[in-house]
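Asker: For reference, each letter of the sequence shown is one residue, going 604 to 735 in this note's numbering.
Note that CB positions come from ideal geometry on N, CA and C, so glycine has one too.
Note that the coordinates shown come from a computational prediction; the quantities given were computed from them, not determined experimentally.
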Amino acid sequence: MPLETARIAGALWRILLALAVGVACGALLAATYVYSAFGGLLIFGGLLVVMLFYGAAIAAICVPVWLILCKFDCDSAVGAATLGFVATAIFLLLTNPTTDDLRTHLMTNSILPYALCGAAGPLTTWGISRKL
Numbered sequence: 604m605p606l607e608t609a610r611i612a613g614a615l616w617r618i619l620l621a622l623a624v625g626v627a628c629g630a631l632l633a634a635t636y637v638y639s640a641f642g643g644l645l646i647f648g649g650l651l652v653v654m655l656f657y658g659a660a661i662a663a664i665c666v667p668v669w670l671i672l673c674k675f676d677c678d679s680a681v682g683a684a685t686l687g688f689v690a691t692a693i694f695l696l697l698t699n700p701t702t703d704d705l706r707t708h709l710m711t712n713s714i715l716p717y718a719l720c721g722a723a724g725p726l727t728t729w730g731i732s733r734k735l
């Protein structure tokens with residue numbers, strides 16, 4: 604393998620590893636929050652799988668936005684956490700329609716913890732990408 608191809612493959616591997624760890628961190632936090640809030644009626648493994656899919660969808664949206672932020676030198680820990688927080692909150696609002704007062708009440712109480720979990724994922728990705 605030529606040297607330039609090996610360098611690109613190594614960089615791509617490090618980026619994908621950092622993204623995977625960030626998504627897993629956010630998904631684990633969100634699944635833990637849901638499990639602790641609603642108790643034994645839910646299966647933790649199933650929650651984790653669902654949260655991993657949500658995290659992957661949010662990451663697919665955040666990666667192009669992050670690349671734009673990098674061009675403007677806004678690639679800091681605060682920028683990563685803010686992007687994750689805002690993207691998760693918007694994604695949650697768009698994917699969970701509120702039709703009655705009970706669901707609206709539940710959404711207002713649960714958007715903040717989910718968004719905080721969403722901020723932890725990109726923050727983890729940012730930290731790991733700096734160390735690799």
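Determine the DSSP secondary structure at C673, reduced to helix, strand or coil.
Answerer: Residue mapping note: residue 673 aligns to position 70 of the sequence shown, counting from 1. Note: C673 maps to helix in three-state DSSP.
Asker: Go through its chain and collect everything with a Cβ distance to I731's Cβ below 8 Å, but skip five positions before and after it.
Answerer: Translated into positions along the sequence shown, residue 731 becomes position 128. Once the five neighbours on either side are set aside, the close Cβ partners of I731 are L620, A621, V624, G625.
Asker: If contacts are defined as beta-carbon pairs under 8 Å, then A660 and C720 qualify, I think. What distance do you get, rounded to the angstrom?
Answerer: Taking the first residue of the sequence shown as 1, we reach residue 660 at position 57. Taking the first residue of the sequence shown as 1, we reach residue 720 at position 117. So it is not a contact: roughly 14 Å between Cβ atoms.
Asker: What does a CB cutoff of less than 7 Å around L650 pick up in its chain, not counting 5 residues either side in sequence?
Answerer: On the sequence shown, residue 650 is found 47 positions in, with the first residue counted as 1. Excluding sequence neighbours, L650 sits near A634, V637, Y638.
Asker: Assuming G724 and G682 form a contact by the criterion Cβ under 8 Å, report the distance between their Cβ atoms to the nearest whole angstrom.
Answerer: Looking up residue 724 in the sequence shown gives position 121. Looking up residue 682 in the sequence shown gives position 79. Not confirmed; about 14 Å, so no contact.
Asker: L735 by DSSP, collapsed to three states: which one?
Answerer: Numbered from 1 along the sequence shown, position 132 holds the residue referred to as residue 735. Coil.
Asker: Nearest CA to the CA of A627: which residue from E607, L670, A662?
Answerer: For the purposes of this step, residue 627 is identified with residue 24 of the sequence shown, where counting begins at 1. Nearest C-alpha to A627: A662.
Asker: So the candidates are A630, K734, I671; which of them puts its Cα closest to the Cα of M654?
Answerer: Locating residue 654 in the sequence shown gives position 51, counting from the first residue. Answer by Cα proximity: A630.
Asker: Any heavy atom of the ligand NAD within a distance shorter than 8 Å of the CB on N699?
Answerer: Only the bare structure without any ligand can be found here, which leaves the ligand NAD out of the picture.
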